[in-house]
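**Q** Protein chains in written order, with this note's numbering: chain W, 1 to 652; chain P, 1 to 275. Beta carbons: idealized from backbone N, C-alpha and C, even for Gly. Here it is, the structure in full.
In structure tokens, the structure reads:
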């Protein structure tokens with residue numbers, strides 16, 4: 001709930017309503033631009049009672065509830081300037097610049113603004129007085145003596161949704177940071193010149209590319225470095241902010257961040273968790289019923305990759321400039337974070353406010369019946385099942401290697417992603433034409449490029465769905481311990497592979513795993529030199545190679561489902577549970593020795609199916625619709641359109 | 001036209017879903033044929049429903065002429081685009097360089113659209129003006145600048161038979177849009193007696209009383225509103241609008257925009273039976 005947008009006289013009543021829904025924790029932004037009433041002068045309730053954060057946190061504590069604070073600097077929240085003070089937005093020294101040297105405007109409702117550069121140390125210096133003013137107030141309310149149990153550092157750091165590799169950020173501070181990145185990566189000028197093809201007299205002279213016109217590997221290196229740098233800029237900014245938070249005494253509670261939706265480059269969740277000082281990084285999700293399957297992907301990705309699979313924002317309604325997310329939409333996606341393996345969900349927004357619709361609590365503190373019951377039922381289900389003890393079961397992963405992602409990004413056309421996507425152009429079409437075949441190789445893979453890569457991924461995904469194995473999407477940052485527990489990994493490779501990633505994959509196969517590679521066999525390492533660990537493998541297209549206790553199957557060019565199925569047939573890997581209708585999704589969890597089964601009907605019409613499992617068993621429904629049911633036994637199950645249901649699988 | 005800090009609240013998801021479905025229809029659902037090129041070299045041709053198409057030409061001499069021939073060859077597509085990504089980028093950069101930071105969002109987006117469309121590598125057939133959420137913004141702007149009084153509220157009420165299907169209230173001051181709501185901002189008990197487009201005077205009085213500003217509006221059957229919103233051509237929209245009025249399927253009540261309107265007597269609620 002956004003305390004500053006609500007009548008302070010209603011705060012207590014609204015918190016009571018949140019408690020009535022079964023929640024015991026409340027999250028709020030703390031907007032810099034709202035609390036700043038003059039440059040570096042802040043009001044935390046002295047003048048405006050709606051800004052009395054201390055009183056708000058006191059009310060939270062009085063009710064025995066906990067709080068998560070999100071003090072920015074960026075918050076979005078559909079407010080003008082995304083929570084930055086207008087003076088910051090208007091000052092050109094803070095602006096990010098596009099490849100043509102123009103400021104980059106975010107066309108956000110209600111007012112567009114030139115986006116700031118997150119490579120600019122002055123931006124963080126300008127933010128510091130706000131954090132300094134906020135610190136004593138927050139420290140007073142920090143866990144364990146107060147209700148504040150976590151803080152989110154920044155919000156959806158993402159180049160303000162401008163994902164094009166050759167779009168942002170070409171401001172001077174960003175160029176300086178790029179050169180610093182090159183210096184860290186290459187260490188010596190000689191190494192940089194060796195990679196880039198020579199002619200650079202100092203790191204300060206290294207210019208970032210504005211288009212990929214590479215004719216050879218040396219021409220490609222600057223583009224790859226720029227793509228990698230775009231991840232680094234986010235990491236650098238969040239590291240700096242995290243350090244600031246800690247310096248201000250926000251200690252003893254987790255600090256985290258949230259990705260706005262995608263988890264492909266330049267958004268690198270595992271690197272952020274590893275190197276930024278953050279404790280974990282979540283992902284946001286605003287699905288409609290028709291695309292609610294994306295929630296499963298995100299949850300499962302986090303379950304294999306993140307320290308804490310957490311939806312930092314999960315739809316409870318929507319913002320007005322987005323197609324409305326209705327109660328039916330919310331209902332159809334309600335269980336999916338848990339089905340996928342999420343351990344935490346922040347429902348955004350439980351309390352409606354201006355520029356938001358579809359919350360279970362109105363801004364006047366009234367419960368909206370249907371929505372309110374939905375969250376009450378969910379909380380009852382989670383508590384009664386002790387859901388925090390559950391663990392999702394995975395047998396396979398579809399690994400879109402970070403390296404292939406970076407190659408794809410390095411070959412992006414120079415235009416803007418969003419306008420092109422809005423015309424209906426698929427991602428694969430937005431690659432440079434010279435990308436196909438750039439890396440050469442076996443005749444079957446010689447034309448591999450972004451289109452083949454995306455095609456391979458799509459077909460591999462279809463295969464995994466059909467196989468009914470429990471699988472998750474992942475990337476090179478997959479938790480090695482979790483990788484080791486899988487039976488099958490389909491790894492989309494193109495361009496190069498970091499030596500450590502290559503070793504992890506080979507070690508997975510050596511220890512008994514089945515590794516399937518394509519559309520290209522990795523031949524180069526991160527320095528674009530021969531990848532030694534793969535060099536000596538006697539891989540033949542479509543033929544499994546025994547490797548240690550496991551197998552490696554190379555599917556060059558196009559994904560070969562038959563070859564992959566043959567590999568699977570020769571193994572002992574079988575789905576623990578299968579459905580007679582493989583177009584339905586299912587997920588398995590272990591929960592205190594019990595086996596819990598989710599089935600989701602992604603279709604707009606009702607479906608029924610049989611649950612297939614070795615041995616005798618019965619299904620005890622745990623959730624159907626929004627009702628928590630008692631013991632009913634069944635093996636043939638019926639699902640309403642877009643419905644998800646949950647059962648305990650009981651052997652007998 | 002859109003103020004910097006408008007109030008957007010009292011929105012029901014059902015009404016917003018219905019109106020939003022129409023507002024996004026053009027952007028999301030329209031079938032397009034798109035030819036991508038790079039400095040005149042054709043790279044790919046894509047039909048958003050049928051997928052990849054063979055390249056109709058190898059070389060793009062005149063992007064606009066090619067867009068028109070593509071549209072003629074694919075009459076089933078709503079639009080044909082010829083796009084050079086770098087021209088898109090350059091057009092946006094040109095539009096954003098030295099921009100007035102105080103520009104309203106709708107004017108900003110229109111400015112960007114117009115700058116982009118001037119780029120030499122881009123073609124669109126049929127040519128059209130800038131649409132935002134299905135609204136022809138240049139004409140709306142002209143209407144607001146020349147006709148709106150200092151304070152007023154536009155009321156849109158769409159009916160399915162006699163029942164209200166969706167509705168929108170847009171509050172203007174100055175004349176900038178300062179508030180946006182669905183009909184949930186009105187007293188629901190009174191709203192329930194609004195039946196069919198004949199309820200226009202009653203609804204306008206209700207809006208005037210509730211929001212304390214003169215109200216004008218369009219009261220229309222759902223089918224006509226859908227046709228108007230889905231149509232990407234401003235002239236064709238005008239035709240749909242006028243025809244629906246002439247054929248008595250909609251009212252456009254603009255009395256509040258006339259000099260002398262908006263007096264006390266026009267704020268008095270009129271029972272639906274009298275309306």
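1. Give a yes or no on contact between the stretch 160-179 of chain P and the stretch 15-26 of chain P, applying the rule of three or more CB pairs nearer than 8 Å.
2. Smallest Cα separation from residue 55 (chain W): which of W:9, W:22, W:95 and W:23?
3. What is the residue span of the beta strand (DSSP E) that residue 37 (chain P) lies within?
4. How would you label residue 2 (chain W), buried or exposed, when you count the other beta carbons within 10 angstroms and need 16 or more for buried?
5. Provide the residue span of the beta strand (DSSP E) that contains residue 258 (chain W), from first to last.
6. Tell me which residue opens and which closes the alpha helix (DSSP H) that residue 225 (chain W) is part of.
7. Within the 8 Å Cβ cut-off, does residue 24 (chain P) reach chain W?
8. Between which two residues does the beta strand (DSSP E) containing residue 79 (chain W) stretch?
9. Along the alpha helix (DSSP H) that carries residue 340 (chain W), what are the first and last residues, could you check?
10. Spell out whether any CB of chain W is found under 8 Å from the CB atom of residue 100 (chain P).
11. Write down the C-beta distance between residue 397 (chain W) and residue 471 (chain W) rounded to the nearest angstrom, noting that I regard them as a contact closer than 8 Å.
12. Just the C-alpha distance for residue 469 (chain W) and residue 85 (chain P), rounded to the nearest angstrom, thanks.
13. I'd like to know if residue 172 (chain W) contacts chain P, where contact means its C-beta is closer than 8 Å to some C-beta of that chain.
14. Which complete beta strand (DSSP E) runs does the stretch 9-64 of chain P hold, if anything under 3 residues is left out?
15. Just the Cα atoms here: how many angstroms apart are residue 11 (chain W) and residue 178 (chain W)?
16. With a threshold of 8 Å, are at least 3 pairs of Cβ atoms found where one atom belongs to the stretch 613-620 of chain W and the other to the stretch 553-564 of chain W?
17. Name the two residues that bound the continuous beta strand (DSSP E) containing residue 346 (chain W).
18. State the beta-bridge partners of residue 514 (chain W) as determined by DSSP.
19. Measure from the alpha carbon of residue 358 (chain W) to the alpha carbon of each residue in W:373, W:250 and W:324, then state which is nearest.
20. Is the CB of residue 108 (chain P) under 8 Å away from at least one CB in chain W?
21. Between residue 591 (chain W) and residue 385 (chain W), is the Cβ-Cβ spacing less than 8 Å?
22. Where does residue 16 (chain W) land, buried or exposed, given buried means 16+ other C-beta within 10 angstroms?
23. Contact criterion: CB-CB distance below 8 Å. Does residue 67 (chain P) meet it with respect to chain W?
24. Go ahead and label residue 190 (chain W) buried or exposed: buried means 16 or more other beta carbons lie within 10 angstroms of its beta carbon, across all protein chains shown.
25. Checking the sheet assignment: what are the DSSP bridge partners for residue 106 (chain W)?
26. So which residues of chain W does residue 17 (chain P) contact, with C-beta pairs closer than 8 Å?
27. Does the separation of the CB atoms of residue 395 (chain W) and residue 517 (chain W) fall below 8 Å?
28. Apart from the five residues just before and just after residue 122 (chain W), which ones in its own chain have a Cβ nearer than 8 Å to its Cβ?
29. Of the residues that make up the stretch 406-434 of chain W, which ones have a beta carbon closer than 7 Å to any beta carbon in chain P?
30. Residues in the stretch 364-377 of chain W with C-beta within 7 Å of chain P's C-beta atoms, listed in sequence order?
31. Buried or exposed for residue 263 (chain P), please, with buried defined as at least 16 other CB atoms from any protein chain shown within 10 angstroms of its CB.
32. Give me the Cα-Cα distance between residue 466 (chain W) and residue 584 (chain W), rounded to the nearest whole angstrom.
33. Which residues in chain P have a C-beta closer than 7 Å to the C-beta of residue 358 (chain W)? List them in chain order.
34. Using beta carbons (cut-off 8 Å, strictly below), is residue 306 (chain W) in contact with chain P?
35. Measuring only between beta-carbons, confirm whether residue 32 (chain P) sits less than 8 Å from chain W.
36. Check this for me: beta carbons of residue 699 (chain W) and residue 606 (chain W), under 8 Å apart or not?
**A** Considering the structure as presented:
1. yes
2. W:9
3. From DSSP, the beta strand (DSSP E) with residue 37 (chain P) extends over 32-38.
4. Buried, by the Cβ-count rule.
5. 255-259
6. 217-247
7. yes
8. First-last for residue 79 (chain W): undefined, no H or E at that position.
9. 336-340
10. no
11. 6 Å
12. 41 Å
13. With 8 Å as the cut-off, residue 172 (chain W) does not count as an interface residue toward chain P.
14. 32-38, 41-47 and 51-53
15. 46 Å
16. no
17. It spans 344-348 - the beta strand (DSSP E) in which residue 346 (chain W) sits, taken as one unbroken run.
18. Per the DSSP secondary-structure output, residue 514 (chain W) pairs in a beta bridge with W:488 and W:551.
19. W:324
20. yes
21. yes
22. exposed
23. By this cut-off, residue 67 (chain P) is not an interface position.
24. exposed
25. W:113
26. 323, 324 and 326
27. no
28. So the list reads 93, 94 and 173, once near-sequence residues are dropped.
29. 413, 414, 415, 416, 419, 420, 422, 423, 424, 425, 429 and 433
30. So the list is empty, because no residue satisfies the distance condition.
31. Model confidence at residue 263 (chain P) stands at a pLDDT of 47, short of 50, so the residue's coordinates are unreliable and nothing is read from them.
32. 10 Å
33. 13
34. no
35. yes
36. Any property of residue 699 (chain W) remains undetermined from this structure, which presents chain W solely from 1 to 652.
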